[in-house]
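K.L.:
Chains as they are written, first to last, in the numbering used here: chain Z, 18 to 561; chain R, 973 to 1046. Virtual Cβ for every residue (Gly too), placed ideally from N, Cα, C. It should be emphasised that the depicted structure is a prediction, and the values quoted were computed from it without experimental measurement. Take a look at this one; I'll ask things after.
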Ligand SMILES: Cc1cc2nc3c(=O)[nH]c(=O)nc-3n(C[C@H](O)[C@H](O)[C@H](O)COP(=O)(O)OP(=O)(O)OC[C@H]3O[C@@H](n4cnc5c(N)ncnc54)[C@H](O)[C@@H]3O)c2cc1C
């Protein structure tokens, strides 16, 4: 096994359980093994206090429990697949060692991508991948050397680190090249999270590119983007990761279209006897059936188990694919995603229908309930669910997991709508958020409701007549720019005021009252009415 | 100066803000309005309302399950 974090150790442990006689050697160039990479941001912020808590096992403990040898500070330099051995450099001793194998597992993981810009090598510029990365960053903070930090890249890792730095009273700015943070999410959902992070006091600059990093006496001082300069005594580079495939490429192991190592359902590479697992290997997207790359701990562990089974002769249940299900906590906000985003689905050639529905995570009369917003994406023709995103302060992992499960089993919106989900007030609404979203999506698919999403509304604000049908107080507080006010109870007898308009969009708080009013206007003969999906509470753009 | 106490617990948005809006119409300058709410949406609403109307948000306390605010009418 080359690599000893998630995938490597999991594979080793599984082989041993299946075949106690197997002789297993795991090597890693790192000093730590089997650590919780996903916990690093929380160690930086001191939420996880002790290094011991991050490092699940030392090599000695691992040996004791599993009877497997793990050698650290040992870097694999080359693979000799004909003769079946690996040469590795002992980093401490400086000599080369030879390890023979019958079967070889590549679990070399991924490495943070570092843009080639001036100043990327200054002190105070860090990536977050290993335990030592986190220790170094935390010691800078504990020394009091950090008052301003810039996080480059607004993906999960960058955002988690940003939250943790902010918790240490550090002024944090995030610079993101894309239009919004959480680039894999759809814009409306991502912007909701982005507004939330901004409200917590994190500076966020999107559509901005980092040009260079400037320092003094070798230490970072500020970063220069194409729009501004931002002072910083700590820069976190989190612009993505790339799979570690060098060893594999050198011996001609085939890479996939995603540039990760191509494997079949049983984690076998193109060279017999060599397997690849975890972040260095490619996945299949369960929905499209096409190659995809999801460098996630959840997937890495599964791949490890399957490789262990398949190597010991059990090839019954391979990994057919994954959905790229992810979840992140940003302060008190949670955001989860499974399957394809609307953008991805369209790119893959699907004709999609989507809906956005705010709801609560628990009964609205049960103390502590919170709003969550569900975006559901389905295939317009087959009604199969393609993906979902859920965001809010409430429980989002449950709906995301429910939908991930449904997608895995090929569910249609009609199936999701009728799921018998657990309900009592402390846990859910009687009509759970996922079911409400399915209802709304089916209304759209059946043509019962004509909705517009916030993204499109924002683009077309000038052409449309926006009618805010909420109460006077709510309208006064904030509304969509240019909206006129007709409370829902007056709408019918004031309908004449709307007669001459080409296109009307009704807006309410979550979309429900607008839908009822929409039906009334339809009855009066209006053909040109739509409702703002998700209402004003999911509209992430400027309000006045 | 008078004190108004509104118990809006259990009311969902926009219930609480509508109550505040009505009460503020009756209240005189300098009067205090205390509001108890369970709906989280109220926090942003009341902040925005005070900003727009010039009434002063003197206190905002939130726990996991309840929000209490004190407003003084302009
Ligand atoms: C900050 C952070 C937060 C994360 N949060 C989440 C999360 O919330 N949920 C989630 O699912 N995933 C998360 N991940 C991703 C998760 O940590 C990875 O998917 C997981 O660590 C992958 O495990 P792996 O064993 O494939 O690779 P890695 O963890 O990359 O381990 C590979 C190991 O192989 C070693 N190696 C590489 N080349 C050689 C060589 N030639 N010789 C010897 N050793 C070598 C490396 O040094 C490394 O120790 C997070 C990652 C980070 C960094």
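Report the start-end ranges of each beta strand (DSSP E) in the stretch 451-518 of chain Z that is 3 residues or longer and not cut off at the edges.
P.N.:
Segments of the beta strand (DSSP E) lying fully in the stretch 451-518 of chain Z: 482-485.
K.L.:
Are three or more beta carbon pairs between the stretch 435-450 of chain Z and the stretch 512-525 of chain Z nearer than 8 Å?
P.N.:
Too few Cβ pairs lie closer than 8 Å, so no.
K.L.:
I want to see whether chain Z comes within less than 8 Å of residue 1009 (chain R), judged by CB atoms only; does it?
P.N.:
Not one chain Z Cβ lies under 8 Å of residue 1009 (chain R).
K.L.:
Measure the C-alpha to C-alpha separation of residue 73 (chain Z) and residue 50 (chain Z) and round it to an integer number of angstroms.
P.N.:
If you take the alpha carbons of residue 73 (chain Z) and residue 50 (chain Z), they lie about 8 Å apart.
K.L.:
Taking only three categories from DSSP, how would you classify residue 232 (chain Z)?
P.N.:
Strand, per DSSP.
K.L.:
Grouping DSSP H, G and I as helix and E and B as strand, with all else coil, what is residue 284 (chain Z)?
P.N.:
Of the three classes helix, strand and coil, the one that applies to residue 284 (chain Z) here is coil, per DSSP.
K.L.:
Buried or exposed for residue 215 (chain Z), please, with buried defined as at least 16 other CB atoms from any protein chain shown within 10 angstroms of its CB.
P.N.:
Its Cβ having fewer than 16 others within 10 Å, residue 215 (chain Z) is exposed.
K.L.:
What do you reckon, is the C-beta of residue 31 (chain Z) under 7 Å from a heavy atom of ligand 1?
P.N.:
Answer for residue 31 (chain Z): no, Cβ out of range of ligand 1.
K.L.:
To the nearest angstrom, how far is it from the Cα of residue 256 (chain Z) to the Cα of residue 510 (chain Z)?
P.N.:
Residue 256 (chain Z) and residue 510 (chain Z): Cα-Cα distance of roughly 55 Å.
K.L.:
Taking the beta carbon of residue 202 (chain Z) as the centre, do at least 16 other beta carbons fall within 10 Å, making it buried, or is it exposed?
P.N.:
The residue in question, residue 202 (chain Z), is buried, as its Cβ has 16 or more Cβ neighbours within 10 Å.
K.L.:
Could you check whether the Cβ of residue 974 (chain R) sits closer than 8 Å to any Cβ belonging to chain Z?
P.N.:
Taking Cβ atoms only, chain Z never reaches closer than 8 Å to residue 974 (chain R), which makes this a no.
K.L.:
Using CA atoms only, rank isn't needed, just tell me which of R:1003, R:1010, R:981 and R:984 is closest to residue 1027 (chain R).
P.N.:
The shortest Cα separation from residue 1027 (chain R) among R:1003, R:1010, R:981 and R:984 belongs to R:1003.
K.L.:
Based on the DSSP secondary-structure assignment, which residues constitute the bridge partners of residue 97 (chain Z)?
P.N.:
Its beta-bridge partners are Z:102.
K.L.:
Given this structure, state the Cα-to-Cα distance separating residue 144 (chain Z) from residue 235 (chain Z), to the nearest angstrom.
P.N.:
Each residue's Cα considered, the two are about 17 Å apart.
K.L.:
Mind checking if residue 493 (chain Z) is an interface residue toward chain R, Cβ cutoff 8 Å exclusive?
P.N.:
With 8 Å as the cut-off, residue 493 (chain Z) counts as an interface residue toward chain R.
K.L.:
What's the gap between the Cα of residue 286 (chain Z) and the Cα of residue 188 (chain Z)?
P.N.:
Cα to Cα, the separation comes out at about 46 Å.
K.L.:
Given this structure, state the Cα-to-Cα distance separating residue 529 (chain Z) from residue 561 (chain Z), to the nearest angstrom.
P.N.:
Approximately 22 Å, taken between the alpha carbons.
K.L.:
So, is residue 364 (chain Z) buried or exposed, given that buried needs 16 or more other C-beta atoms within 10 angstroms?
P.N.:
Residue 364 (chain Z) should be labelled exposed.
K.L.:
Are the CB atoms of residue 264 (chain Z) and residue 458 (chain Z) within a distance shorter than 8 Å?
P.N.:
Cβ atoms of residue 458 (chain Z) and residue 264 (chain Z): not closer than 8 Å.
K.L.:
Going by DSSP, what residues sit across from residue 521 (chain Z) in a beta bridge?
P.N.:
In the DSSP output, where bridge partners are listed per residue, residue 521 (chain Z) has Z:482 and Z:546.
K.L.:
Which of the three DSSP states, helix, strand or coil, is assigned to residue 1019 (chain R)?
P.N.:
Looking at residue 1019 (chain R) - three-state DSSP - the assignment turns out to be helix.
K.L.:
Cβ of residue 534 (chain Z) less than 8 Å from any chain R Cβ?
P.N.:
Residue 534 (chain Z) does not count as touching chain R.
K.L.:
So, are the CB atoms of residue 275 (chain Z) and residue 308 (chain Z) less than 8 Å apart?
P.N.:
Going by C-beta atoms, residue 275 (chain Z) is nearer than 8 Å to residue 308 (chain Z).
K.L.:
Specify the secondary structure class of residue 61 (chain Z) as computed by DSSP and reduced to three states.
P.N.:
Residue 61 (chain Z) falls in the helix class under three-state DSSP.
K.L.:
Which stretch, first to last residue, makes up the alpha helix (DSSP H) that contains residue 316 (chain Z)?
P.N.:
Here the alpha helix (DSSP H) through residue 316 (chain Z) covers 314-328.
K.L.:
With DSSP as the reference, identify every bridge partner of residue 980 (chain R), one or two as the case may be.
P.N.:
Bridge partners of residue 980 (chain R): R:1009.
K.L.:
Using a cut-off of 8 Å between C-beta atoms, extract the partners of residue 1036 (chain R) located in chain Z.
P.N.:
Within 8 Å Cβ-Cβ: 384 and 385.
K.L.:
If the criterion is Cβ atoms closer than 8 Å, does the pair residue 978 (chain R) and residue 1018 (chain R) meet it?
P.N.:
Not in contact: residue 978 (chain R) and residue 1018 (chain R) (Cβ atoms no closer than 8 Å).
K.L.:
Under 8 Å by Cβ, that's how I've got residue 217 (chain Z) and residue 183 (chain Z) pegged, so tell me the actual separation to the nearest angstrom.
P.N.:
At roughly 7 Å, the Cβ-Cβ gap stays under 8 Å, so residue 217 (chain Z) and residue 183 (chain Z) are in contact.
K.L.:
Indicate whether the contact test is met: 3 or more Cβ pairs, each with one atom in the stretch 330-341 of chain Z and one in the stretch 279-296 of chain Z, closer than 8 Å.
P.N.:
Because the criterion of three Cβ pairs below 8 Å is met, the stretch 330-341 of chain Z and the stretch 279-296 of chain Z touch.
K.L.:
Just verifying my parser: in three-state terms, what is the DSSP assignment at residue 254 (chain Z)?
P.N.:
Three-state DSSP puts residue 254 (chain Z) in a strand.
K.L.:
For residue 114 (chain Z), would you say it is in contact with chain R, using Cβ-to-Cβ distances shorter than 8 Å as the test?
P.N.:
No, no contact with chain R.
K.L.:
Run the proximity test for residue 1025 (chain R): is its beta-carbon closer than 7 Å to any non-hydrogen atom belonging to ligand 3?
P.N.:
As for ligand 3, it is missing from this structure, which binds only ligand 1.
K.L.:
When DSSP labels each residue in this structure, what does residue 200 (chain Z) get in the three-state scheme?
P.N.:
In the structure shown, residue 200 (chain Z) sits in coil (DSSP, three-state: anything other than H, G, I, E or B).
K.L.:
Spell out a yes or no on whether the stretch 484-500 of chain Z and the stretch 979-989 of chain R are touching, meaning 3 or more CB-CB pairs, one atom from each, closer than 8 Å.
P.N.:
Counting Cβ pairs under 8 Å, three or more are found: they touch.
K.L.:
Quick one, which residues of the stretch 977-1001 of chain R are near chain Z if we go by CB-CB under 7 Å, in chain order?
P.N.:
Here the close residues are 982, 984, 985, 986, 989, 990 and 993.
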